[in-house]
Every structure is written in structure tokens, then in C-alpha cells.
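Notes to accompany the following structure.
Residue numbers (this note's numbering): 6 to 369.
Below, the structure is given as C-alpha cells:
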């Protein structure tokens, strides 16, 4: 492993040295305007495998890529008008804009949804590096998964095993970085952008989404499940679903089951109150509890179901007709989000599968 100090006069030397390391399949720690990142050639399969060994636990988290500009990004993603607008507004800058991938990077760089995050850092050294290298580099943070945000090289090395340290080929040390937040991650592959990480445009806990098919409704549900994966591991989560008959509450739940790779058919447990499905996903073995509480009309009936006892680490408890029991369970923690599904007046939408979905997220 080699360490090079960044100065005002050695940019060209660093870029030349780094390109050699990347071309050889090496792993490089580098500074950005947010935190220290770790990069490999995103088109090199063995280099990406090396990076995944370094990160040790990904649990569904994809690897974004750093590119020089939007033109370069289009070699690797399908740039929708929505994504193009965000590129123009926020890049270069501390944002990761997620689009549909073209499968032109190494395996495991795109997400399991076939999407790819694009970073154009507001950091001249890295922009010049990517231009010179003429290929994308991975843009994940340099800390091992779940460890402290890396604002100094020492932050990184204090929390690595010897095995991880031995995987690093080059370190570009720019000293202590300003304590900025990691990049805000925005998924543009749905009809409505989904903020996966950070607070985009000072968002309130309530977000409104539109979906235009059952498939898109399921995709939204799956992505919200992945977004809350740490909570699922630590405490389990509760998802409350509201909406009239036929608005898609069960379709939404099917999206959660699909993400969990549950293969059993899932339908609403209207007459049985609850169905349970075991899953093993991203190093979590747990249970999806799917409840329909439409017929619960008293505290006594609610108590008989013993729903609070279902909540434990590794569980996802989805409750259709949440409003029926909310009053009987005022301290329902960890309630993660409530989703209200509605179908617009047929005259306002020519698409019979169009849905409006309002998500209220608990920030705790």
C-alpha cells in the first residue's frame, strides 16, 4: 500500500499514479467534497469483487460510480427527463442520481433493481482523474460497512482489519475533510423521485408518489423496504396501509414480498386476519407478517390478535386497514411508515392502473 499526500502542486502526478493503480485492478482511497471514497475500475469484474471484499457487508446496497460529466454517464445509464433535470440542477455536487442501468459496468455495481447511481463530485482532483482514466470508478464511502464516516484517513484505518488494509493499493491523503453529510441519493426510476438517503429539498415526513402500474407499485414498496433495512435488522418495522377496497394495499405488500424473495403467492388475509412468510435476505432471517384488520372493531378484538408480540428484530409487519386499529395501539413503535393508497377519479387519469400513494415516514 502506498500513501500520497495531496498538495496544491502535485495533482498531475497523483492522477498519473492513480490511473496506473486503477488500470491494474487496484483499490484507491480518495477524497471528495463529502467523505473519503474508495474506488476501483467499475468495469473491471475482479476489481469490483476486491472492493466488495473490502466493504465486507453490503446488504443490498449498490455501488454508485463517479463520472466526469453527464455525457459520460449516458454510456452507463438511461437518462430520463427527470434524471436529466436533476443532473442539470445539482451536478457536480454532493448528490447521487439513480437511473436505470445499461449493464455496461461490472456485475454487482448495478443494484438488484437494475439501477445505477451516478456521482459527479464537486472535487476537481476526482473529476480530472476520471477524465484522464476515461472509465468510471466506484464512488462508495471508504469506511467499512456500518463504521464511522471517514473524514480523515485515520478514521478509516482505525476501524479496518489487517485483511481489509491489505486490500488497499493506494491512499490519496488530503488531510481532514470538512464534516459534510454523505451525498443525497435520489432514485429517478419511478414516476416520482424517491429519496433513498438524506433530505432532498427540505422534505417533510410526508411524501406523495404516483405509480402507473402494479409493477411500479411493487417496485416502490421494495425500494422502501431496502431503505429501512437497518431498522428491520435492529428492531423490526411496522408498515400501516390505508386505502379503500381495491386501491392496491395487497399489491404494495406483494412488492415487499417480492423484494424479500418470498416465492409463495401472497393474497390479502381477509378471513384469517394474518398470514406469515419466512424469508432469508441480505444476511437477515426473519418473518413477513401480513395482516388484514378490516373486521377489527373493538379493543378486545385487537388484543386477541396479540399484534405487538409480533414485533421483534428481523420482522416486517404489514397491516392493511391500519386506521381500524391505530386508536387501539397509540404507541405502535417501531411504526416506520404509513402508506395511504388512492385511485384518482377516472376522468383525471386515462390509466386505470394509476395510483396516488402518500407515505408518512416516522423519523425516529
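Yeah, the Cβ is synthetic: ideal placement off N, Cα and C, and Gly gets one too.
{"Check": "Going straight from the alpha carbon of residue 215 to that of residue 306, what length do you get?", "Outcome": "35 angstroms"}
{"Check": "Could you compute how far the alpha carbon of residue 47 sits from the alpha carbon of residue 238?", "Outcome": "29 angstroms"}
{"Check": "Please report the residue range of the beta strand (DSSP E) in which residue 200 lies.", "Outcome": "199-202"}
{"Check": "Would you decide whether residue 276 is buried or exposed? Buried here means 16 or more other CB atoms lie within 10 Å of its CB.", "Outcome": "exposed"}
{"Check": "With DSSP run on the structure shown, which of helix, strand or coil describes residue 168?", "Outcome": "helix"}
{"Check": "Does DSSP classify residue 351 as helix, strand or coil?", "Outcome": "Any reading at residue 351 must be qualified, since the residue scores a pLDDT of 44, below 50, and its modelled position is unreliable; no value is offered."}
{"Check": "Give every residue of the same chain whose Cβ lies closer than 7 angstroms to the Cβ of residue 262, excluding the five residues on either side of it in the sequence, and list them in chain order.", "Outcome": "271, 282, 293"}
{"Check": "Please list the terminal residues of the continuous beta strand (DSSP E) segment that includes residue 279.", "Outcome": "279-286"}
{"Check": "Please determine if the region 161-172 and the region 9-20 are in contact, where contact requires at least 3 C-beta pairs separated by less than 8 angstroms.", "Outcome": "no"}
{"Check": "Going along the chain, which residues of its own chain have a beta-carbon closer than 7 angstroms to the beta-carbon of residue 149, five neighbours each way excluded?", "Outcome": "60, 61, 164, 165, 169"}
{"Check": "Do residue 244 and residue 36 have their C-beta atoms within less than 8 angstroms of each other?", "Outcome": "no"}
{"Check": "Can you tell me which residues form a DSSP beta bridge with residue 247?", "Outcome": "345"}
{"Check": "How many angstroms separate the CA atom of residue 327 from the CA atom of residue 253?", "Outcome": "14 angstroms"}
{"Check": "Count the other CB atoms within 10 Å of the CB of residue 185; is the residue buried (16 or more) or exposed (fewer)?", "Outcome": "exposed"}
{"Check": "Go through its chain and collect everything with a Cβ distance to residue 363's Cβ below 6 angstroms, but skip five positions before and after it.", "Outcome": "213, 345"}
{"Check": "Out of 297, 152, 139, 236, which has the shortest C-alpha to C-alpha gap to residue 249?", "Outcome": "297"}
{"Check": "Distance, Cα to Cα, residue 302 vs residue 77?", "Outcome": "58 angstroms"}
{"Check": "Give the secondary structure of residue 113 by DSSP, where H, G and I count as helix, E and B as strand, and everything else as coil.", "Outcome": "coil"}
{"Check": "To which residues does DSSP link residue 34 through a beta bridge?", "Outcome": "43, 176"}
{"Check": "Just curious, the beta strand (DSSP E) that residue 104 is in, first and last residue?", "Outcome": "100-106"}
{"Check": "Please report the distance separating the alpha-carbon of residue 325 from that of residue 316.", "Outcome": "16 angstroms"}
{"Check": "So, is residue 286 buried or exposed, given that buried needs 16 or more other C-beta atoms within 10 angstroms?", "Outcome": "buried"}
{"Check": "Select from 57, 87, 108 the residue whose C-alpha is nearest the C-alpha of residue 102.", "Outcome": "87"}
{"Check": "For the alpha helix (DSSP H) that contains residue 241, what are its first and last residues?", "Outcome": "Neither: residue 241 is in no alpha helix (DSSP H) and is coded neither H nor E."}
{"Check": "Taking the C-alpha atoms as reference points, what is the distance between residue 360 and residue 10?", "Outcome": "53 angstroms"}
{"Check": "Please look up how many angstroms separate the CB atoms of residue 173 and residue 32, rounded, as I've assumed it's under 8 angstroms.", "Outcome": "5 angstroms"}
{"Check": "Taking the alpha-carbon of residue 180 as reference, which of 311, 41, 152, 257 has the nearest alpha-carbon?", "Outcome": "41"}
{"Check": "Report all residues from its chain with a CB closer than 7 angstroms to the CB of residue 116; omit the five preceding and five following residues, and keep chain order.", "Outcome": "67"}
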